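Chains as they are written, first to last, in this note's numbering: chain A, 504 to 618; chain B, 2 to 112.
A short worksheet on the structure shown next.
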Amino acid sequence: NAGVTQTPKFRVLKTGQSMTLLCAQDMNHEYMYWYRQDPGMGLRLIHYSVGEGTTAKGEVPDGYNVSRLKKQNFLLGLESAAPSQTSVYFCASRRINRVENTEAFFGQGTRLTVV
Amino acid sequence: DQQVKQNSPSLSVQEGRISILNCDYTNSMFDYFLWYKKYPAEGPTFLISISSIKDKNEDGRFTVFLNKSAKHLSLHIVPSQPGDSAVYFCAARGYTGKLIFGQGTTLQVKP
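Here is the structure:
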């Protein structure tokens, strides 16, 4: 009963390096999200996807790219990491809007430090 | 511009008393509002939700109230328990699928 799984759980990057965060869900959910959590800022939406092959920008998309090639996976990429991207990243998934009470399920988070 | 706002960063209440957490939103196109609870080093977990066509939803000790004219919702916890101590996030769901969260309120329930 995995739910939403994020890989890796921790990572330290040097400024300018690139990396990809992987989110996998086994609930056949249509919608997937990437958030970052920073002190005093809450959870801010980076990008989201309403279905396989589709992505859309959230509140803070700059410096990030995403891909949803398979329904169960949502990848978040940092092409050239900056210290301002030091954060805890959360992935979430949920069913489509037509179903009531479609709460989102979250992964355990990825703590990323850019030095 | 923040579409979902939680203006109180923290709240402290005595065990057994009522906790009231508040949330304001600016976009009238949200169709569902949700509350999440988060413990340190864990992902947020769903607590309770309310449709934009309702003004109240109750689940055990938790009640959410929605005032559409004021674009305001609140979460009431009665009675508060020490295990309720956590960060509470308000979230709003848009028709396009977007899910926007507020800044969070840290609740401390003292024994």
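Beta carbons: idealized from backbone N, C-alpha and C, even for Gly.
All values derive from a computational prediction rather than experimental measurement.
One or two residues paired with residue i in a DSSP bridge
i      : result
A/T508 : A/A527
B/N28  : DSSP, once it has assigned bridges, lists no residue as partnering B/N28.
B/D60  : B/F63
B/K39  : B/V88
A/Y592 : A/R539, A/T613
A/G554 : A/T557
A/Y534 : A/R597
B/Y33  : B/S52, B/R94
B/N68  : B/H73
B/L100 : B/R94
B/N23  : B/S75
A/N576 : A/A527
A/R571 : In the DSSP output, where bridge partners are listed per residue, A/R571 has none listed.
A/M522 : A/L581
Exposed unless 16 or more other CB atoms sit within 10 angstroms - verdict on residue i
i      : result
B/Q7   : buried
B/L35  : buried
B/G61  : exposed
B/Y26  : buried
B/G103 : buried
A/P685 : Outside the shown range of chain A (504 to 618) lies residue 685 of chain A, about which nothing can therefore be said.
B/I19  : exposed
A/T558 : buried
A/L572 : exposed
A/A527 : buried
A/F513 : exposed
B/S50  : buried
A/G561 : buried
A/T518 : exposed
B/Y166 : One cannot answer for residue 166 of chain B here, as it falls past the ends of chain B, which runs 2 to 112.
B/G98  : buried
B/A87  : buried
Cβ-Cβ distance between residue i and residue j below 8 Å
i      : j      : result
B/H73  : B/N23  : yes
A/G612 : A/Q509 : yes
B/F47  : B/G95  : no
A/S552 : A/V569 : yes
B/L100 : A/A607 : yes
B/Y89  : B/K55  : no
A/C594 : A/Y534 : no
B/V5   : B/V110 : no
A/L578 : A/T523 : yes
A/S596 : A/V507 : yes
B/G105 : A/G610 : no
B/F66  : B/S75  : yes
A/L525 : A/Y538 : no
A/S521 : A/A585 : no
B/T107 : B/P10  : yes
B/E16  : B/S70  : no
Residue i beta carbon near the ligand ATP (any heavy atom closer than 7 Å)
i      : result
A/D541 : Absence of the ligand ATP is noted for the structure shown, with no ligands found whatsoever.
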